[in-house]
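Scroll down for the structure; my scribbles are underneath it.
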């Protein structure tokens, strides 16, 4: 019985040794989330503009109604989003917008550090989302 | 009636129905692409294929196959679905699938069918088209890469509009829809084609990329332009009217609209709309609040009423309820000087028809025109003022073989319709032609004389109108004149059409009297299926007449008020929803009266030239911003609904009137348009039978489908008069505009941006001018400089100037006469 007790404790002590901890010293150490993690959105740029064609599918599908799109016509006669804003305070990170997008113009990144001081800072405009 | 079985269901339908229509009646859904209710069957898309027991071996297109007794139809089976799916795959071979950027996405028939039949892959491959889009015209965007060749646009433009802009060109895979010589579109821009297009090949350019169809809130209302009373469904997004939606389910127009109805809505969103009341202080109009403005109005008006009196001139684009409250304001003030829209222009109805028929309205409804055997249009401009009625005339001709006769001084759109015959007279002599036709009826014993009063006097009066002589002096073909009269008498159903409005004041009453004489002699008024139509220029012209927005007692009419003001015999004018300075005849007189009158209140949407002269300007609401009813030219009372809020501090006219009355000490308290409508019924018996909340989608017609005339009296209409001059000028309405407000709307103004003088090719040659040159038009002691537009419409020596443009100041030259002698020089 003592043998089993020692065996068990040795596992415990092993974990106390340096290099065996699962706790990460955030924020000095940061983990890389999985590729399928649903973090901050990103608008995918193409050569000279955003890939988005302002089809309004993401604001339509969004269950939290946090996406605002306003389409317009650019000099080439193409449809583009004049306004594209996501209100992250309302976003529930469900990823439906990514799923609905017919041109793969929006994706979700691994960025999860989104704390901020002002409400306005949670309005992610097109410029911020394109970064 | 024919009995048949569809999907095991027993159906009984009329023998003219197709399988598709029978199924629809039975509530069975058959998918279609090229079918449209108002068009003739075509069978282009092959999506509606069904199986018929008696015609085994092949599938039958249900939209073109008539029903027959004992037919057994199956509308869905695995085989049918397979074939339909294949048809869709074929269509998708060269359809560019750019749904994300296509404005049709969400209401596209092809998209819906693709979804319904789960066409996720395509077994066939082919080249996608890369045709250039039509970027030339400002209103209709044509992207032929998306076209599925259903031919709806071709058919609607031909069958309904009668213009024929489109046709199929090329063959096989190369087939496409194109205009003549495959150039940019240059047509009436009524937009019927884009309302029909099942895909995104034809789209409204002003609405391009504005919104998705599912985001729009739809509000059914009535168009605020002409008296036809078309239903317009406003597409509202973020408190703004973004587009007019297609709606063929309700209303009188079967989904048809003209350029103003479909593209002329944008003035309601105009940035120049008045948003604050303005009061003149130290010679300048300055913004103020309602309380102050209303106080100034009330003080000014009551002071004037104690002095030489107040005159109230209203427009005819207010709702019935607002006009009623206006009348209350006039009563509170104690003034009898009340009138609407120029005063002279509607005399055709209020005096011409009243004297002869004893009623002041059209005697039948528009759907009856479609069943007419003979249609007589007086003044070819009828199509220009009321395009959608013109489309009904076109259908009468094409569907039912109606004969169209036009009495006019120029050729117009109506003249181009199949089989149309124009009695082309010298301007000002149309009246003589009508009289001569009446004489033909009497002389040849074709006239109905029983129960007609005043026949003997008319006979004496008509001795001066011997058809041969009239033909000679008016230039009308003698035989045609006789044939026309005979056709009129011989036909079962006859429709006589005439429009009235501000630019058509010369011989207005006389023309209507002569038309009524002719109608009475041909037995038209009160006969089911026939009718005499006098159609107002404005959305609620008929309502204004019904409600009696006319001089009360010994009061002055609009023209007399202006004259009195010019002579300093009136102390205040209250002008509502009108711009007399721009649109009334004799601008100099109007200018003088506006200058002379000590106190002028203008209530309008824009700071019009008249409003700029005012002491107080009150910002009002457009048709899209209010609730109420309009009465159209066929006496149909229809609901107007609010789609958007008024801009800034603007208020509806009704609210302003109530507030003015309140300041004057008569607190009119109405809980809303329904209460006012009930109140109207107490004063206007014809309106008493209706309840505001029960006015259905088709509206209600007072006086019944066929209005029985009160009297049958023929009256001497007198003779017309033309002028002897090398150039005779007539004013009128251009197809693309209505009144002056459409010049603030982007659609109409994009097509017709500026005033012009239209002249014939011969005259252009004689004057050595081409399109776009400036000419000087000199008449009535006034010289105007106008751009030339050369056209085929006019006979030699006749000039046409549209009256819509304030900056052209056409009304300096036009003083209400039928025809003006002018000199033209380069």
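Chains as they are written, first to last, in the numbering used here: chain C, 31 to 161; chain Z, 2 to 827.
All residues carry an ideal CB built from backbone N, CA and C; glycine is no exception.
Computed from a predicted model, the values in this text were never measured in an experiment.
Which of helix, strand or coil DSSP assigns to residue 608(Z): coil
Short Cβ contact (8 Å threshold) for residue 455(Z) with residue 715(Z): Yes, they are a contact pair.
Local conformation of residue 718(Z) per DSSP, three classes: Coil.
Uninterrupted beta strand (DSSP E) stretches inside the region 180-232 of chain Z (no shorter than 3 residues): 203-205 and 218-223
Inter-residue spacing [alpha-carbon to alpha-carbon] between residue 436(Z) and residue 466(Z): 6 Å
Interface residues of the region 94-111 of chain Z facing chain C [CB-CB below 8 Å]: 100, 101, 102 and 106
Sequence-distant residues of its chain with Cβ nearer than 7 Å to residue 84(C) (five each side left out): 99, 101, 109, 110 and 111
Close-in-space but distant-in-sequence residues of the same chain around residue 653(Z) (CB under 6 Å, 5 per side omitted): 622 and 627
Nearest-angstrom Cα separation, counted from residue 90(C) out to residue 133(C): Separation of residue 133(C) and residue 90(C) (C-alpha to C-alpha, rounded to the nearest whole angstrom) is 16 Å.
As assigned by DSSP and simplified to three states, the class of residue 396(Z): helix
Euclidean distance between Cα positions of residue 383(Z) and residue 151(Z): 32 Å
Residue 109(C) at chain Z interface by Cβ criterion, 8 Å: Closer than 8 Å to some Cβ of chain Z, the Cβ of residue 109(C) qualifies, so yes.
Residue-level contact to chain Z via CB, residue 59(C), 8 Å cutoff: no
Chain-ordered neighbours of residue 215(Z) on chain C, where CB pairs are closer than 9 Å: 86 and 90
Reduced DSSP category for residue 686(Z) - H, G, I as helix; E, B as strand; rest coil: helix
Residues bridged to residue 341(Z) (per DSSP): 315(Z)
Enclosing beta strand (DSSP E) for residue 246(Z) [first to last residue]: 241-246
Residue 1(Z) vs residue 293(Z) beta-carbon contact at 8 Å: Residue numbering for chain Z in the displayed model covers 2 to 827; residue 1(Z) lies beyond these limits and cannot be assessed.
Residue-level contact to chain Z via CB, residue 101(C), 8 Å cutoff: yes
At least three beta-carbon pairs within less than 8 Å, the region 57-74 of chain Z to the region 86-102 of chain Z: By the Cβ test, the region 57-74 of chain Z is not in contact with the region 86-102 of chain Z, since fewer than three Cβ pairs between them sit closer than 8 Å.
Close beta carbons around residue 447(Z), own chain, < 7 Å, minus the five adjacent residues each side: 487 and 490
Residue-chain proximity (residue 133(C), chain Z), Cβ-Cβ < 8 Å: yes
For residue 171(Z), the three-state DSSP class (helix, strand or coil): coil
Close Cβ partners of residue 751(Z) (< 7 Å) along its chain, the five nearest in sequence each way excluded: If we look at residue 751(Z) and ignore the five residues flanking it on each side, its Cβ neighbours are 139 and 140.
Residue 76(Z), DSSP secondary structure in three states: coil
Three-way DSSP call (helix, strand, coil) for residue 56(Z) in this model: It is helical.
Residues bridged to residue 536(Z) [DSSP beta-bridge criterion]: 500(Z)
Short Cβ contact (8 Å threshold) for residue 264(Z) with residue 749(Z): yes
Extent of the continuous alpha helix (DSSP H) to which residue 162(C) belongs: Since the displayed chain C opens at 31 and closes at 161, residue 162(C) lies outside it and no answer follows.
Span of the alpha helix (DSSP H) around residue 584(Z): Note, residue 584(Z): alpha helix (DSSP H), 581-584.
Beta carbon of residue 376(Z) nearer than 8 Å to that of residue 394(Z): Result yes, Cβ atoms of residue 376(Z) and residue 394(Z) sit closer than 8 Å.
Residue 542(Z) - containing beta strand (DSSP E), residue span: Not the beta strand (DSSP E): residue 542(Z) falls in the alpha helix (DSSP H), residues 542-547.
Residues bridged to residue 423(Z) (per DSSP): 407(Z)
For residue 45(C), the three-state DSSP class (helix, strand or coil): helix
Neighbour flag for residue 250(Z) against chain C, beta carbons, 8 Å: no
Closest Cα partner of residue 286(Z) within the set 717(Z), 77(Z), 617(Z) and 271(Z): 617(Z)
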